[in-house]
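The UniProt record's numbering numbers the first residue of the first sequence as 1 and each following residue consecutively.
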Amino acid sequence: MDLSTKLRAWYRFNARKLPWRETTDPYAIWLSEVILQQTRVTQGLPYFDRFLETFPNVESLAASSEDKLMKLWEGLGYYSRARNLHKGAKYIVENGFPTSYDEWLKVPGVGPYTAAAIASFALHEEKAVVDGNVNRVIARLFAIHEPVNSTAGRKIIEEKASALIRKNPPAEHNQAIMELGALVCSPKSPDCSICPWNTECLALATGLVNTLPVKIKKTKVMEEDLYYTAIYSLNGLYVQKRGVDGIWKSLYELIPISGNSLSLEPDMKLSSERFNTTHLLSHRKLNLHIDVIEWPIQSPELWEGYTLVRWNDIDNLAFPKPIRHWLDNNLLPLRLGSED
DNA sequence: AACTCGGGGGC
DNA sequence: GCCCCAGAGTT
C-alpha cells in the first residue's frame, strides 16, 4: 500500500469533525482558511461560526463596514487578515469565485498555502498544501535537515509534498496530512507508535524525530513601552482609530499620550493611580501604562483626531486585547452606576 | 532573505 | 521562558 493510501485510511478513522469539512461552499472554505492562518483550530472555531452567522455569504461580507468586521475579528490577532478578507470579498463580488489555484492566488490575503487548500478542498485540484504541519511531517518522513523555513528547505518540502499527493484524491489527502501533523506527528512528543507511516519514517528509523524539523531562529523579542491616557466624561470615552502601519492597525485605542505630559486644566481630575500591565506578542513585549482622567466638561469633542464614543457603544468597537481587557475590568465598571 | 504582524496553548 | 499554530505581505 502506498503512502497516501495508508495516510487516508488512518484519516478516515481518526479525523476530527470540523465544520469546514462538512461543506463544499467555497466561501465558507475560504473563510475558514484565512481564520486558521497561524491560528489553532480550537482558537479559530468560534470565530468561524460567528462569521458565518453574521456574514452567510461573500456579498454580505463585502458590504460590511470595516468597524463591524474588525469587531468580529477582535481578539484573533493578525488583523491584516481581516482587512484583506474584506478586500478579498469585494474582489470576489466583482470577479466571481476563482476557479483554480492560480486564480485564488490573486485574491488579497490568499497565499500559496491558502490557495492550495481551497483549490484542493473546493475544486479538487491536485495541489499539495504546505503548512506548519506538512513541514514537520515531511521533514521527519524523509529526514530532511535543511531548515524548513529557508528557500532551499521550502523547495525540497514542496517537491516531496507534490510527489505524495500525485494521483491521489487531493482534498482527502491534504486534510489527512495536516491532521496527522496536528494529532500524531506533533512538535513535541509525537506518538510514533500509532502513526500510519511509522514503518516508512526515516527520522524514526534514525532516531531523529526530536531533532527534526530544523528551523532558522527568529529575531529576539524587543521590549517597548506604550503610554495611554483614558479620558472619560459622563458622555463617554475618548478613543482613536489606529490608521498608521504597525500593530493593531484599524483597531481603536486610548489617547496615546501619558497623563503627565498633558496640560491639565484646573478642573480636570487625574487619577492618582497609573495602571501598568504587560502584554506579550510573538515579536514584542509591550509594557502598557494607562493614566485615567475624568473630564468634567460635557463637550462633544476633545481635539482633532480623537472621537468621543458613548458608553453604550464601546462594545461595538474593536480594541487590542490588553486595552479591551483593561476597559472591561477597570474602566467600564466605573460607569455602571452613572449610566444615564 | 529578512521582517513584521497577535494571541493563545503546551510544556 | 520558549516554541508553535491549517501564513501573507512588505521591504
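Note that CB positions come from ideal geometry on N, CA and C, so glycine has one too.
Can you say whether residue i is buried or exposed, counting buried as having 16 or more other CB atoms within 10 angstroms of its CB?
i	result
Phe55	buried
Pro320	buried
Gly181	buried
Asp102	exposed
Arg8	buried
Asp131	buried
Ala230	buried
Arg50	exposed
Phe48	buried
Measure from the alpha carbon of residue i to the alpha carbon of each residue in the options, then state which is nearest.
i	options	result
Pro213	Ser186, Leu36 and Ser233	Ser186
Asn133	Ser80, Met1, Arg12 and Ile157	Ile157
Ile257	Gln240, Tyr91 and Leu332	Gln240
Lys188	Val137, Trp197 and Asp315	Val137
Arg83	Lys127, Ile35 and Asp49	Ile35
Leu237	Val292, Ser271 and Asn135	Val292
Thr219	Ala161, Leu72 and Leu281	Leu281
Ser162	Ala152, Ser150 and Glu126	Glu126
Tyr27	Ala117, Arg310 and Asn276	Ala117
Gly246	Asn329, Lys68 and Gly77	Gly77
Leu327	Asn235, Glu253 and Lys71	Glu253
Asn95	Thr206, Ala205, Ala62 and Leu69	Ala62
Give me, in chain order, the residues of the same chain whose beta-carbon lies closer than 6 angstroms to that of residue i; leave out the 5 immediate sequence neighbours on both sides.
i	result
residue 346	Absent from the model: residue 346. The displayed extent of the chain is 1 to 340, so no value can be given.
Leu332	none
Cys195	Val184
Tyr11	Ala176 and Glu179
Ala295	Checking the sequence shown, residue 295 turns out to be Trp, not Ala. Answer for Trp295: Ile231 and Ser233, listed in chain order.
Kindly list the residues whose CB is nearer than 7 angstroms to the CB of residue i, restricted to its own chain and excluding five residues on each side of it in sequence; keep chain order.
i	result
Val209	Arg140, Pro190, Cys192 and Ala203
Trp248	Tyr79, Arg242 and Pro320
Ala171	Ser120, Phe121 and His124
Arg284	Val221, Met222 and Glu224
Asp340	Model confidence at Asp340 stands at a pLDDT of 45, short of 50, so the residue's coordinates are unreliable; what they give is reported in the following sentence. Hits under 7 angstroms: none found.
Glu59	Val93
Lys215	Pro147, Val148 and Asn149
Pro108	Asn84, Lys87, Gly88 and Tyr91
For residue i, which beta-bridge partners are listed by DSSP?
i	result
His279	Leu286
Lys241	Tyr252
Val309	Leu237
Thr229	Ile255 and Asp291
Lys68	Answer is none; Lys68 lacks a bridge partner.
Glu223	Lys285
So residue i and residue j are supposed to be a Cβ contact under 8 angstroms. How far apart are they, rounded?
i	j	result
Leu31	Leu52	7 angstroms
Tyr228	Leu288	7 angstroms
Trp311	Lys6	Not quite, the Cβ-Cβ distance comes to about 59 angstroms (not below 8 angstroms), so this is no contact.
For residue i, which residues of its own chain have a beta-carbon under 8 angstroms away from its beta-carbon, when the five flanking residues on both sides are left out?
i	result
Pro112	Leu105 and Val130
Val41	Arg16, Leu18 and Ala182
Arg166	Glu126
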